[in-house]
Structure formats: C-alpha cells, structure tokens
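Read the sequence shown against the working numbering and you will find it ends at 220, with the numbers running on by one and no gaps. The beta carbon of each residue, even a glycine, is placed where N, CA and C say it ideally should be. Here's the structure, in structure tokens; my notes come after.
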Amino acid sequence: MIRYRQMGFVLAAFLLLVVARDAWAGPPTEQLKGSIDRVIQILDDPALKSDGRVRERRAAVRKVANDIFDFGETGRRSLARHWAARTPQEQEEFVELFADLLERSYISKIELYGGEKIQYAREQTDGDFAIVYTKIMAKQGQEVPADYRMLRRGDRWLVYDIVIEGVSLISNYRTQFNKIIQTSSYGELVKKMKTKQEEFLEEEAKGRGSAKN
C-alpha cells in the first residue's frame, strides 16, 4: 500500500503538468480530467519513452507546470503562520524555491507511472473553492483515494493541495517547515531548500553527462 501512496503523489504530479491555456473552461472536474488525460498521453507517447528523451520529456512537463498549480497558494499555506513574518521579497524567494523543488521532486518520479487508472467520484464546490474526489485504481485491485483541492482564479481552477489516503501535501510540508524554523530559523530552512536545489541540479548535470557518453 505504501507503493500506491507514493504512486498517488506521483499521479498528483500530473497537476504540475499539462493543459493548454485556451482549454480552461467548465467545472473543476472537467479541467482536472482534461489535464490528467493530457499527461497520460505524454507518458504513453512512444517518441518520448526512450531514456535519451528523458530531459526533453521533463522539460516539456515543466514548461506547462505553472498553468495548473497555484504555487503561491501552496507555498503560503505550507509556511502557515511563518508566512506573515516574511518580507515580500522573502515570500517571493520562498515560493520560487518551493515551486522548483516540488516540480523537480515529482517530475523525476513520473517514470513510475504504470498504467494506473483514475476514477472521478464526485465534486464539491463552495464559492471559489472546490474539491475533486478521485480514486487511483491500481492493477492489483487496490483503490487509493486522492482528493484535489482547487481554487478558482478568474475562469481557471488551479490546484493548491492534494490529499492521498488522508495525507495532505501541504500538511506534510507544513510540519517539516515548522520543525526546521522552530528548532533553528527561517534562514536555515531557506538554506536547506537551496542545498536540495543544488543537489537536483548536480544530478541533472550528471544525467546529461551520461547521456552524451
């Protein structure tokens, strides 16, 4: 079951992926389904499946990530009470770092997708907020609940949180961030995030070097 919880968050990465700007129309469920369908098409594209196309595939994914995920809202909620104490410059830096780490963390795991199906159960809307309830249908028969929390921005519905088997993405990061700030400082949190970002960049650089050899 742990694997399918991990797969749930990998599928949640679909929310960082695809949908053209002119496709935003209709209720939250329709927009979410359209995004996930497009992602599956990308992952199933034979032309992008080879190891030599990994960089290209991930680059395409990152290019459209900002169209579906509200990183600002996710970052604000994840930092929670510590957000108000930050200057506008610090808030902007934090959101940029957090968005980059989220994208790199999820996109690097997309290759774990193995044909799991998604069942759309129901939708709950309250003004500018909505929750789309889904189930990830594993090949072995397990059903993993995945709830997508969305916020309306104009005529677009953006995802700001995902809850897999009762585990919230925001709550998970909020706990980690709060612990670091409480035991050390906000500056130490930013330092750790930058270090992680550098590790991702080094891994990507090594990957590029291996691809050339």
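When the distance is taken between beta carbons, is residue j closer than 8 Å to residue i?
{"i": "R138", "j": "D154", "result": "The amino acid occupying residue 138 in the given sequence is Ile; Arg does not appear at that position. In this structure, D154 lies closer than 8 Å to I138 by Cβ."}
{"i": "K198", "j": "L108", "result": "no"}
{"i": "K142", "j": "Q131", "result": "no"}
{"i": "S85", "j": "R160", "result": "no"}
{"i": "R111", "j": "F184", "result": "no"}
{"i": "M157", "j": "E150", "result": "no"}
Tell me whether residue i is buried or exposed, calling it buried when 16 or more other Cβ atoms sit within 10 Å of its Cβ.
{"i": "G82", "result": "buried"}
{"i": "Q38", "result": "buried"}
{"i": "V46", "result": "buried"}
{"i": "R28", "result": "Confidence in R28 is poor, its pLDDT being 34 and thus under 50, which makes the residue's placement unreliable; the coordinate value appears in the next sentence. Label assigned to R28: exposed."}
{"i": "R88", "result": "exposed"}
{"i": "R106", "result": "According to the sequence as given, residue 106 is Ala; it is not Arg. By the neighbour-count rule (16 or more Cβ atoms within 10 Å), A106 is buried."}
{"i": "R65", "result": "buried"}
With H, G and I counted as helix, E and B as strand and the rest as coil, what does DSSP make of residue i?
{"i": "T94", "result": "coil"}
{"i": "A32", "result": "Confidence at A32 is low in this model, with a pLDDT of 35, below 50, so the placement of that residue is unreliable and no value is reported for it."}
{"i": "K213", "result": "helix"}
{"i": "K124", "result": "strand"}
{"i": "Q131", "result": "strand"}
{"i": "D168", "result": "strand"}
{"i": "S175", "result": "strand"}
{"i": "D52", "result": "coil"}
{"i": "D2", "result": "Lying outside 8 to 220, the shown extent of the chain, residue 2 is not represented and no answer is given."}
{"i": "I75", "result": "coil"}
{"i": "K146", "result": "coil"}
{"i": "D154", "result": "strand"}
Following a CB-centred definition, is residue i positioned closer than 7 Å to any heavy atom of the ligand NAP?
{"i": "A92", "result": "As presented, the structure is devoid of all ligands, the ligand NAP included, so that no description of it is given."}
When the Cα atoms are used, what is the spatial distance from residue i to residue j?
{"i": "R129", "j": "D52", "result": "29 Å"}
{"i": "M200", "j": "Q98", "result": "14 Å"}
{"i": "P34", "j": "S175", "result": "23 Å"}
{"i": "E123", "j": "S42", "result": "15 Å"}
{"i": "A6", "j": "Y140", "result": "In this structure the chain extends from 8 to 220, so residue 6 is not present and cannot be described."}
{"i": "D135", "j": "T36", "result": "14 Å"}
{"i": "Y113", "j": "E103", "result": "16 Å"}
{"i": "W31", "j": "D162", "result": "Any reading at W31 must be qualified, since the residue scores a pLDDT of 35, below 50, and its modelled position is unreliable; the value itself is stated next. If you take the alpha carbons of W31 and D162, they lie about 7 Å apart."}
{"i": "I60", "j": "E210", "result": "A small correction: the amino acid at residue 60 is Arg; Ile does not occupy that position in the sequence shown. Spanning the two alpha carbons is a distance of roughly 16 Å."}
{"i": "K146", "j": "E172", "result": "17 Å"}
{"i": "T190", "j": "E63", "result": "40 Å"}
{"i": "S192", "j": "E205", "result": "20 Å"}
{"i": "K56", "j": "R93", "result": "42 Å"}
{"i": "F101", "j": "K213", "result": "26 Å"}
{"i": "A91", "j": "E195", "result": "18 Å"}
Check whether the Cβ of residue i lies closer than 8 Å to any Cβ atom in chain B.
{"i": "R45", "result": "Protein chain content of the structure displayed is limited to a single chain, and chain B is not contained in it."}
> Are the segment 164 to 171 and the segment 76 to 91 in contact at 8 Å, needing three or more beta carbon pairs?
Replying inline: yes
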